[in-house]
Each structure stands twice: as structure tokens, then as C-alpha cells.
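Working notes, structure below.
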Amino acid sequence: MSHDLQQYAAIIEKLKSVVKEPEFDQVLTQLTTDLPREKRFLIKMELKRLARPCMRSVDLRGQVDGDCQLYEHQGIRHYLDAVALEVFEQQIRLFGYYCFGVYEAMQHTENNFRVMRDKALETEETKNPDRTAATLERYDVPQLNMLDYATRQHERMNFAVSIEVVSEGGVKVRGNTVDISTSGLRIKTGQHHLFQPGEHVQILFRGLEDEFSLDKKNGIVYQVIKIIPGEDVQYLQLKRATEFANGPFDRFLENFIHGNKRRYKVNISNTIEAIVNKSMEQCFSPLSPELPVFIDDTDGTLSPRFAMYNTVNRDILSYWSDETEELRLGYLLNPNRLLWLKKRPEGQRQTFVYCFSHLQNEKTYFYSATSEELIQKDILKKVFLGFGSRKASWRVFKLSMTEMQPEQAHSPLSIPDSVGNKIKRQNSPPSPRLMSRLKNLGLIVHICDVTSEEGQERYSENKFNRSSLSHLRLFGHPRNRPPVKIETFRYKFEDQRLETRYLLRSKITLEALESGQKLGGISEDISISGLRIELNGEYRGDIDSQVAIGFPALQAMTQQHQIMDMQYQVVHYNRDKNILHLKAVPGNAGQSARHFFETLIKQNRGALKPYPDEEEIPGMGHALRCINARNTPSVAFAMSKSGRHYEPQGGIVGQHETRLRRLLSHFSEPGRMNLEFMYRDRNLDAPFIQQGVKQVRTEHQVVRREVFIAFDPSQKESRLAIMPRFTQRFLSDDLKQNFIREALHRGNFVALHVVLATTGKPDLEMLLTEINYVSVYAIHRAKELEEKLWSIAACAHLVDITDEVLMRYRYDSQTIQRNRKLAGTSDTEILPQITGADA
């Protein structure tokens, strides 16, 4: 029974015996006269669910405080203790037969270990309010801005020595240094001393005067950059005032740091921060469901130029490719839409686009309309949504626009150039040739596929007159005006993240399992789970069809493996259908292929050459990746495995995701985010995070779900302020609508499209320079960082689809706009839903 219905458990118990009787509705009304109609409906639906016949067996061995014996009822064998058996017989008398109500009652007896644990926790929470705070703290994680970390011009050495600080007003203050570099200084003084950012101060190094010949009367001039308050102290960040040069001191300080940095240790806090930051970027970017498209902004003319895909979002490119495999993504991002998005207020540059395609005479015709375009042509809205959603090609995409600068392509190390020539080379900015390709880029549009079967069913309920279908040409994209070409780049990390491909040219045989077609050819490259081949004829099968691949030359060299009938699935082919991209089929059928190539690669790694990364301008893909990371609209969090559970470690929140930012920060401090609501189902059967990660590992595909949230920011208790429910837990569509209606009444309704993925091994090569730098001064920290990198096991992306869900359920634009505000609404302010005739 759901948490919402627990308060009506007594009523439900009374109604069990009459749920199948003709007078059920009458008795229900009598017992619930004081309840709202929506609550009465919830109780009715719960009873209907409990009364469904059940064929499941119950095995309580090890789950209850009692001895379990075999008990058989109508051919179904159960293992029950005395308490459960009594409950079983009682519930059978109430319902009259074995159903889900009986099944669930047996698993909620008083001596069930889980029930006892939950009651103990509930009692403890009642007695100890701090437990709720501890639960929230468990899911409270730092919020990061990707690739945003401090870089330093000079090494900073940890060094504590007594100093005297002289302010501009001549006030003298005692203090201590914390760390020092040739260009800056961090000091600690009493909190009661007043300093101002920008103020010039003199520093006299009193603790060094006995060992070194320093000027005891005139200090070194620094400028106050930042003041950080602490407990009873304050920390001042200072930089050398270059207008007050002091050559002898500069030379002394440089020699002093160089000679003592191993003794006092270099301050590596910013490098540790950079490693953690970059490792999070490795989790999120290669698995992001959002396809970034980089937009040229030249004299006000907007044009899509580049797109960067990964294994999760590349299906968007496939969808927008026509029958000749030409990419037509420009239809979606046409100039009018781009200009409309750009003119929107900052933070509101997003829209949802509804799309479908039509195949006629072996040619693909694309149709698309934004929610705003459909509102403008309201008479055709039902026609477009009703007809399009009945097609297999139906898609809903979310578009989000953000600004960018070409200079964001440069992502230097956190280590200063002075450490060595290798560091200096790695810190070099992108080449002028590369920057010339980026110079006109000013915007990024992120495209996310948020299609759902539930939404498609709702849209298909729109009634329309088939005579109006001809008017849909208003939303069609003419083939005689093809869109601008968009150059695509693959996330370089993708191959390493999944599997490295190796060049291997060897004769192969192919047999299509469905048609029996046989072809010969040659392999181009291999990986443990994938293969690219070139055939000597046209392949007549389709995408996702299965083929058997043989390697006759390699078979002659091995007796340990049978490699003449390895099972693969076609995932892509070229226009001529003679170059195929294959992946080993899941499960036992593809095991022989995976095992053989894993052994082959492991034993011949030195001889096999990795597949070359071919870019017209070297570094172009990396530059786009850096730009995208700094401007992502995503909300995502990474998880590591702790025992049997996956716990959040850190997350990102897009700059303009105002609604989600407020939701995530409601129970957290600035710079942090609280994800407890994503784990609210942790005590239920099959919690989403746990089951979702398991499903991804089994099926090797991301898991997508929708979650509805009732958000009332006026509430102080977490379970009342944020009430989430994954949509698969709703028993009917009517219950979803009731949830939305009540959420709007209480405060705000929020809907999320959740994409769950598992991560692979970290790209240590990308982080190696900084990890090695840390290990020089703190090898234990370097080991801790590596362990943390390897512990990251999964990540989740949260996409705000609130407005699309409200449109799905036919709420008008005024209600959608009102829901964006965080103030609660009263009964009189709630707008009625638009009926089918009005939508």
C-alpha cells in the first residue's frame, strides 16, 4: 500500500469483503462521505488492485521471526509461519479467493523482520528528529561546475611563519602565513581586524628575520584579493602589487620556495579539485542524453555548424537522417526556431518539439512543430498530435539554448607552466587554425529525446477529422530546400569508455540468419563486443537483424575457440550497404565472440594498432567537448557503490535550470544539492536506482523513467515538501491526473525524465599528469583519488519535462506559466483542464 493510502488502511480493511459485491460502490460511499472525491477514487482503485487474482507463491523463510512450514493452497506452494498462516486464512475469508491483497498481507505481518525494522526506524525518528536530518545529509552532495577549477601561474608552498601586517591606515596586526608563492600569499589574522578587498597592505616576515637578511622596517606590498571568514580568525588572499617592485625579495622568495618545497610541501588543493572535477565530467558528458549542437551567430544570422554525439544521444542523429543517410537535423533547428529561442528571456530559452516522419515512394518526409507553434495554429493542434502520435516515428524533443564563448575551448591543467616544459606544452591554448573554426560560434542548442510510451498514448487520444490531414503540410519540411549541413564529432572518450577498437584486416564470411544470404568480405576493425566489416556485395538485411560471422584465416590458427559461427547484430550500415557495424548479441549467444576477441586483444595488445582518431583539425572534438561541459543545461549526479547500494557522490545543475535548482537546493546549503527524493522509494520493493542500475548492467542499455513530483516549498518536513512518485507506480492514468491536480493545488508540479546509465573505467590518461603531480607531494592523496575514480559506477541525468507533461494532459498555457512560479495556489486559482473538445 502506498504511503498516501496508509491513513485509510482501516477503511480499506472494512471494504475487502464487499469489493466483488454489487453493493460495493454504495458501501464505499457510505464509509467515505467525509472524504474528497479524489481520495474516494484512490481507495476504490487500491481495492480493485488488491482484489486481482494472484498466482505468486510466498516464501517467508529467513524473513520472519518464526518457523516456516510448507503450505499448499489450490496448487500454489507457500512457506509460512504460524502468524502468516493465520493472516492468510483471515484474508482468504475476506476476499473469498487468493489475490494480491492476501499475498501482500502475508508479507506485512507483525513478526516480519522488515516490518519490525521499519517500525523501529519510525519510532526512532519520532523520538529523535535528528534522524531525518541524518537521512537528508546522507544524500547531500557537492554541486560542481564542470571544468571550473583554479589554475595557478606559480607553485604555492604550504608555509607557516609569523608576520606583521600594516594596513593603508598604518594599523599594525600580527598574523601567520598559510601558504606562499612568488606572486601571492595567503595569511591568517584575528577576525576583529578590518581589511577591505583591493586595499594595499605591507607584509613584514618577522619569523624569517633571524635566518635571512630582510628589511625590518619596510614590508613587501600586497593587495587584498579576497577575505574568507573562519572561526575566530579570517583568511586573506593577497597578490603581489607589481607596481611596488622589489627585485631582491623576488629572487630570495624564488630560491626559498625552490629549495624548500619538498620540505614544506606544495599546496595541491586546486589540483585535487581539478581531478575530482574532470572525473565528474568523464561520468556525465560521454553518457549525456542531450545532443549539443553548436550554432554560428554571424551578423544576427543563426546557423547550426557542429554536433557532438555519444552512445546515448546518437539515436537523435539516426532519427534525423533520411533514406540516403544524409543528416537533416537542420530541419529541427531551422533559422526561425533558433531566432525565436535567442529572443526569449535568459533562463527561458527552451521549448518542446513534436515530430514524426512519413515514408512515401521510399523517401522520408519530416514533420515537426513546437508547442508554441501548435498553440498559434490551435485548430490543427489535435490533428498534428493525434495523427503523429499514432505513428512509430513519433518523437518529442526538448530544445535548450545557452550562450557560449570560443575561448572556453581552452582547458589548461591546474599546474603552473613553471613546473616543466611538458606541463607548459599541455597548457598551450588551441591552435589559431582550430580557433578560426570556432570564432563565430556563440550559442549551443541541446537536444534531448524525451519521448515516452505513456505520453504517446495520451497524445493519440486527440480526435481529428482525416479530411484535415492535408493541412499538416504547414509543419512539413520541404525536401527541395534541404537544411544546412552539420558536421558531427564523436566524444573522443567514447571509445575508451566503452571499448578500444583495433585495426585488424582478415577475411570473413557472413550469413544472414533470417534470409540465409551469404557474403564474403574483410574485417576493418575489432573490439571485444563490436566489429566493422566490408562486404564484397550488398547486404539485404535491416538494422537490428542478426548475422553469423566467421574468420576462416584466424580459425586455422586456433583450436581453442570456435569462430566460424559468431553471432552479431547489425547496428549500422552505409549507403551502399556493404560496410556494416556489428555488435555481439547479448547473453550466451554472443559469448563466444566476446571471449575470443577479449583473449585475442589481451595476448596481442602490443601488435594491434588502435583505430586512428581522424579529425580534419586535430583537437576539434576536444575543444567542442570543453565548450559543452562549461555550458551544459543538464542536471545529473554520479554514484558509487557502497555495499549493495548506490550512493550519490556529486552532481551538476545547469545554469538556467531554475526549477530544478530550487528543488535540489531546498534542503541543502549553497554549493550543494540534496537528492534524497530520488531515493524515497528505497524501502519499497524494486527501488528505482537499485533495480535500474542492475537492469542497465544486464541489458547494456540506459534506463529511462518519468517521475512526477509534488513540490510545496512552504513545508519544512522533507516528505511533505517534496513528494515524488515514479509513473510506473501509478495504477491508472486517472491516478496520474489526480496527482498532478493535487500537486498544483498544494504548490508546484514537477515532472522529470530520468536517464540512468552505468559508467566504465576512468580515463586515467587524461588525468595522469595531475595525479602524478599530486603523488609527488602526497602519494596517499593520489591513491585516494584513484580509488574514488574507480568507485564511480553509475550516473543519472534529470531532464525537466514539466511543461510537456502538463500539455500532454491538456492544461492551458496560463496554468503552465503559473506552475513555473513557486507560490502556492488556492482553490479558486486552479484552472480547469481543457476538455477534448476544446484542446
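For what it's worth, UniProt numbering labels the leading residue of the sequence shown as 1, then goes sequentially. We put the beta carbon where it would ideally sit given N, CA and C, even for glycine.
**Own chain partners of arginine 56 with C-beta closer than 7 Å, once the 5 adjacent residues on each side are dropped** = Tyr103
**Item:** Bridge partners - residue 846, DSSP secondary structure assignment
**Value:** The chain is shown only over 1 to 839; residue 846 falls outside these bounds and no answer can be derived.
**Contacting residues, own chain, Cβ-Cβ under 7 Å from arginine 680 (five flanking each side not counted)** = Pro724
**Request:** In angstroms with no decimal places, state the Cα-to-Cα distance between lysine 641 and glutamine 348.
**Result:** 36 Å
**Prompt:** When we look at the beta-carbon of arginine 605 and count the other beta-carbons within 10 Å, is it buried (16 or more) or exposed?
**Reply:** exposed
**Prompt:** Since leucine 332 sits in a beta bridge, which residues does DSSP pair it with?
**Reply:** Answer is none; leucine 332 lacks a bridge partner.
**Asked** How would you label arginine 40, buried or exposed, when you count the other beta carbons within 10 angstroms and need 16 or more for buried?
**Response** buried
**C-alpha gap between aspartate 299 and glutamate 243, whole angstroms** = 41 Å
**Request:** Answer yes or no: do leucine 531 and alanine 584 have a C-beta to C-beta separation smaller than 9 Å?
**Result:** yes
**Message:** Within a Cβ cutoff of 7 Å, which residues of the same chain sit near threonine 271, ignoring the five residues on either side of it in sequence?
**Reply:** Ser414, Ile415, Glu770, Tyr773 and Val774
**Prompt:** Quick one: Cα of glutamate 534 to Cα of isoleucine 543, how far?
**Reply:** 16 Å
**Item:** Opening and closing residue of the beta strand (DSSP E) in which phenylalanine 397 lies
**Value:** 395-403
**Stretch pair the stretch 744-751 + the stretch 230-246: three plus CB contacts closer than 8 Å** = no
**Asked** Who are the Cβ neighbours of lysine 609 in its own chain at under 8 Å, not counting the five residues just before and after it?
**Response** Tyr502 and Leu503
**Item:** Beta-ladder partner(s) of cysteine 448, from DSSP
**Value:** Glu290 and Lys398
**Prompt:** For alanine 548, does the three-state DSSP call read helix, strand or coil?
**Reply:** strand
**Request:** At 3 residues or longer, and completely inside the stretch 662-749: list those beta strand (DSSP E) runs for me, N to C.
**Result:** 672-674, 703-711 and 722-726
**Request:** Work out the CA separation of asparagine 631 and histidine 656 for me, nearest whole Å.
**Result:** 10 Å
**Short Cβ contact (9 Å threshold) for glutamine 143 with glycine 651** = yes
**Request:** Determine the DSSP secondary structure at threonine 301, reduced to helix, strand or coil.
**Result:** strand
**Message:** Quick check: the Cα distance between serine 470 and glycine 386, rounded to an integer number of angstroms?
**Reply:** 14 Å
**Alpha carbon of aspartate 734 to alpha carbon of leucine 15, nearest angstrom** = 21 Å
**Request:** Tell me where the beta strand (DSSP E) around valine 571 begins and ends.
**Result:** 566-573
**Prompt:** Is isoleucine 563 helix, strand or coil by DSSP?
**Reply:** coil
**Request:** Please name the residue or residues paired with methionine 639 in a DSSP beta bridge.
**Result:** Pro648 and Ala794
**Asked** For the beta strand (DSSP E) that contains serine 357, what are its first and last residues?
**Response** 350-360
**Request:** Compute the beta-carbon to beta-carbon distance between arginine 659 and tyrosine 491, rounded to the nearest angstrom, for a pair I have assumed lies under 8 Å.
**Result:** Going by Cβ atoms, the distance from arginine 659 to tyrosine 491 rounds to 28 Å, so no, they are not a contact pair.
**Request:** Using the DSSP secondary-structure output, state which residues sit across from asparagine 176 in a beta bridge.
**Result:** Ser162 and Lys188
**Prompt:** Distance, Cα to Cα, glutamate 72 vs histidine 78?
**Reply:** 6 Å
**Item:** serine 668 burial status per 10 Å Cβ neighbour count (16 or more: buried)
**Value:** buried
**Prompt:** Apart from the five residues on each side of it in sequence, which residues of its chain come closer than 7 Å, Cβ to Cβ, to glycine 66?
**Reply:** Asp81, Ala82, Val83 and Asn111
**Prompt:** Under a three-way DSSP split, which group does asparagine 440 fall into?
**Reply:** coil
**Message:** Which same chain residues end up closer than 6 Å to valine 58 when comparing Cβ atoms and leaving out the 5 residues on each side of it in sequence?
**Reply:** His78 and Met106
**Request:** Could you tell me whether the Cβ atoms of proline 289 and valine 799 are closer together than 9 Å?
**Result:** yes
**Beta-carbon proximity check, serine 411 vs leucine 147, cutoff 9 Å** = yes
**Message:** Classify arginine 820: buried if its beta carbon has 16 or more other beta carbons within 10 angstroms, exposed otherwise.
**Reply:** exposed
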